[in-house]
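Take a look at the structure set out below.
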Amino acid sequence: QKSKIADELTKTRDQEQLTAKAQADLTEAKAKVIFEEKRTRAETTKMVAKVGAEGEKKAKEIEAMTEKLKAEIDAKSAAIEARTTRLLGEAKAKAVKLSKEAKAQRFQLLVKALGSADAYERYIFAEGLPADLRVGIFYAGPGTLWTDLKGFEQTMLGKLVSDTQAKETTIKKRSSAAVGDGKKD
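Numbering of the sequence shown is given in our numbering, commencing with residue 7 and proceeding in unit increments.
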């Protein structure tokens with residue numbers, strides 16, 4: 007019996023050693039898993055930081071390029087706008103110049119057609135006369151031609167008076183309207 011017990015004790019110790027070794031292997035494996043987990047986390051954090059930094063760098067480069075392109079486009083737009091303004095100004099000035107030259111040439115042609123500057127002035131004077139002007143001509147004797155101006159002064163005086171009265175009436179109405187707006191009830 008003692009030998010059986012000794013065998014059993016030996017088997018038990020062998021099993022305890024195997025259990026202890028398995029326990030040590032398990033503890034070592036757990037430690038390796040924890041170590042690998044920490045290493046993986048550290049590498050992942052490092053990779054995330056690296057990718058984030060590269061993305062941030064790329065974004066800054068794109069932003070800088072965009073600003074540069076925007077500035078170039080703004081400069082080109084300003085140059086085009088300045089050129090357009092200059093060309094429009096030149097065109098307007100040329101139009102005014104040509105218009106004035108045409109007007110001057112028209113007057114020159116009129117003077118030339120009428121024969122002299124005096125004739126042109128008489129033409130302008132005649133054009134300025136009222137259409138309903140009545141001129142009476144009568145014979146006053148041999149070799150004399152008189153224009154009958156009888157009534158002309160009266161007509162012109164009457165027209166002057168009526169024009170003046172019309173202006174005064176208009177001024178009074180405007181004054182009354184302006185004063186009327188300022189009255190209190």
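The beta-carbon is built from N, C-alpha and C at its ideal position, and this holds for glycine as well.
Determine the direct distance from the alpha carbon of S122 to that of I130, and round the result to whole angstroms. Spanning the two alpha carbons is a distance of roughly 13 Å.
Starting from V57 and walking both ways along the alpha helix (DSSP H), at which residues does that stretch end? K8 to L120 is the span of the alpha helix (DSSP H), which, as asked, contains V57.
Would you say L116 and Y126 are within 7 Å of each other, going by their C-beta atoms? One thing to note: L116 has its Cβ within 7 Å of the Cβ of Y126.
Do you know how far the Cα of K17 is from the Cα of I40? Spanning the alpha carbons of I40 and K17 requires a straight line of approximately 34 Å.
Do you know offhand how far T175's Cα is from P136's? Those two C-alpha atoms are separated by around 24 Å.
State the Cα-Cα distance for the pair E60 and T90, rounded to the nearest angstrom. Cα to Cα, the separation comes out at about 44 Å.
State the Cα-Cα distance for the pair R92 and A172, rounded to the nearest angstrom. The C-alpha of A172 is placed about 49 Å away from the C-alpha of R92.
Backbone CA spacing between K64 and M71 [nearest angstrom]: Distance between the alpha carbons of K64 and M71 is about 10 Å.
Kindly list the residues whose CB is nearer than 7 Å to the CB of S105, restricted to its own chain and excluding five residues on each side of it in sequence; keep chain order. Here the set comprises nothing.
Through-space distance from K52 to K27, alpha-carbon basis: The straight-line gap from Cα to Cα measures roughly 37 Å.
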